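Note that UniProt numbering has the sequence shown beginning at 1, numbered continuously upward.
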Amino acid sequence: MAFWDKWFRRGDDEGEDVPIELDVDARRRQLHQLEQSLDALVRGLREHPRLSANPGWQARTAEYDRLAGEAMMLRQRVPTREELLDLAFEVRPVFNGQVPEGLDDLVPLQDAVLQRTQALVDVLPGER
Numbered sequence: 001m002a003f004w005d006k007w008f009r010r011g012d013d014e015g016e017d018v019p020i021e022l023d024v025d026a027r028r029r030q031l032h033q034l035e036q037s038l039d040a041l042v043r044g045l046r047e048h049p050r051l052s053a054n055p056g057w058q059a060r061t062a063e064y065d066r067l068a069g070e071a072m073m074l075r076q077r078v079p080t081r082e083e084l085l086d087l088a089f090e091v092r093p094v095f096n097g098q099v100p101e102g103l104d105d106l107v108p109l110q111d112a113v114l115q116r117t118q119a120l121v122d123v124l125p126g127e128r
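Next up, the structure:
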């Protein structure tokens, strides 16, 4: 029976994950772009007096600032695929659903951050 299990079913161990060889130069460029986008978003959040006076938004702004710093640190060395994914999964949208009145100018900044974050998740053609 074990013979047929090997042929027709997958076991608990589906094989080893094949490591992805990163294109380090391309990933450093992506990290730099993400860092710049996060910095722009932080500036945009700080420019709104209504947001900068709110402790919840202050914490969110500090979170984006921390993520920009993390992107900078990863860029200065050879990042691993896991580190790129960890960073990408920490980035969250500024707004879920409808954008509050008067904050429409933050949407393009948010979209740039999310686009550059997704680029870190995607496997580049030369990395397969």
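Ideal Cβ placement from N, Cα and C applies to all residues, glycine included.
Values in this document were obtained by computation on a predicted structure and should not be read as measured data.
query	result
From L51 to P100, what does the alpha carbon distance come to, in whole angstroms?	11 Å
Please state whether DSSP places P100 in a helix, a strand or coil.	coil
Take R66 as the anchor and find which of P55, N54 and L38 has the nearest alpha-carbon.	L38
Given that a residue counts as buried once 16 or more other Cβ atoms are within 10 Å of its Cβ, and exposed if not, what is E35?	buried
Relative to the C-alpha of F95, which candidate in V78, V113, R75 and E82 has its C-alpha closest?	V113
So, with DSSP's three-state summary, where would you put H32?	helix
For A53, does the three-state DSSP call read helix, strand or coil?	coil
Three-state secondary structure (DSSP) at T80?	coil
Go ahead and pull the three-state DSSP assignment for P108.	helix
Are the Cβ atoms of L31 and R75 separated by less than 9 Å?	yes
For my contact list, E127 and L22 are in at a C-beta cut-off of 8 Å; report their separation, rounded to the angstrom.	6 Å
For the candidate residues A53, A119, V107 and N54, whose alpha-carbon lies nearest to that of L87?	A119
Going straight from the alpha carbon of P55 to that of E63, what length do you get?	12 Å
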